[in-house]
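Enquirer: Throughout the sequence shown, residue numbering follows the numbering used here, covering 48 to 191 in sequence.
Virtual Cβ for every residue (Gly too), placed ideally from N, Cα, C.
Have a look at this one.
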Amino acid sequence: MKVYSKDEWRNLKLLVTFSRCYSSVNQRIYPDIKAQGVTETQFSVLELLYHKGEFTIKEIIEKTFSSGGNMTVVINNLLKEKLVMKRRSEDDGRVWLISITEKGTALMEEIFDKHLQNLKRAFGVLTEGEQMIMIELLKKLGKG
Numbered sequence: 048m049k050v051y052s053k054d055e056w057r058n059l060k061l062l063v064t065f066s067r068c069y070s071s072v073n074q075r076i077y078p079d080i081k082a083q084g085v086t087e088t089q090f091s092v093l094e095l096l097y098h099k100g101e102f103t104i105k106e107i108i109e110k111t112f113s114s115g116g117n118m119t120v121v122i123n124n125l126l127k128e129k130l131v132m133k134r135r136s137e138d139d140g141r142v143w144l145i146s147i148t149e150k151g152t153a154l155m156e157e158i159f160d161k162h163l164q165n166l167k168r169a170f171g172v173l174t175e176g177e178q179m180i181m182i183e184l185l186k187k188l189g190k191g
């Protein structure tokens, strides 16, 4: 059986703990969204458009940390469900602008308050101070 150093073991343990935590939190915050037939990625696009307005596909990819190939499928599915619409940019006809529709807005208004409640329940096990520390630690970890 392979023996790992203390540092290696700690790093492996951190990865497993982080992965399990991420999975557990996702299971608690997304059930109401999934019940509406919306994926996590679709929700992140709808949430962006709902709160921030119209964006190009490239901007949506950057702001939702998604891949280009996946985003095309996500946008097409949202278009099919009439939750978003697209139009050509007046400044550059090669660029498509994506915005949320009335149907998409109605869906977000229906599920976003529940989403906020789910977030509060999921993160409520931490004090406000612990939440702020966790935010800073995750930012640091994300920067590498």
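Using CA atoms only, rank isn't needed, just tell me which of ILE182, ASN165 and ASP54 is closest to SER71.
Expert: Your numbering for residue 71 matches position 24 in the sequence shown. When only C-alpha atoms are compared, the closest one is ASN165.
Enquirer: Determine the burial state of VAL120: buried for a count of at least 16 other Cβ atoms within 10 Å of its Cβ, exposed for fewer.
Expert: Position 73 of the sequence shown, counted from the start, is the residue given in the question as residue 120. By the neighbour-count rule (16 or more Cβ atoms within 10 Å), VAL120 is not buried but exposed.
Enquirer: With a floor of 4 residues, list each alpha helix (DSSP H) that falls wholly inside the region 120-160, ordered by position along the chain.
Expert: none
Enquirer: Have a look at THR148 and ASP54 and give me their C-alpha separation to the nearest angstrom.
Expert: The residue given as residue 148 occupies position 101 in the sequence shown. The residue given as residue 54 occupies position 7 in the sequence shown. Using only the alpha carbons, I get a separation of about 51 Å.
Enquirer: How many Å lie between TYR51 and LYS186 at the Cα?
Expert: For the purposes of this step, residue 51 is taken as the residue at position 4 of the sequence shown. For the purposes of this step, residue 186 is taken as the residue at position 139 of the sequence shown. Roughly 28 Å between the two C-alpha positions.
Enquirer: Please list the terminal residues of the continuous alpha helix (DSSP H) segment that includes LEU61.
Expert: Taking the first residue of the sequence shown as 1, we reach residue 61 at position 14. Per DSSP, the unbroken alpha helix (DSSP H) holding LEU61 starts and ends at 53-76.
Enquirer: Given 8 Å as the limit, is there contact between the region 160-178 and the region 128-148, that is, 3 or more CB pairs closer than that?
Expert: no
Enquirer: Whole angstroms are fine: how far does the CA of HIS162 sit from the CA of TYR77?
Expert: Position 30 of the sequence shown, counting from 1, holds the residue named residue 77. Position 115 of the sequence shown, counting from 1, holds the residue named residue 162. Taking the straight line from one Cα to the other gives about 7 Å.
Enquirer: Return the first residue and the last residue of the alpha helix (DSSP H) that GLN83 is part of.
Expert: As a position in the sequence shown, residue 83 is number 36, starting the count at 1. Premise fails: GLN83 is in no alpha helix (DSSP H) and is neither H nor E.
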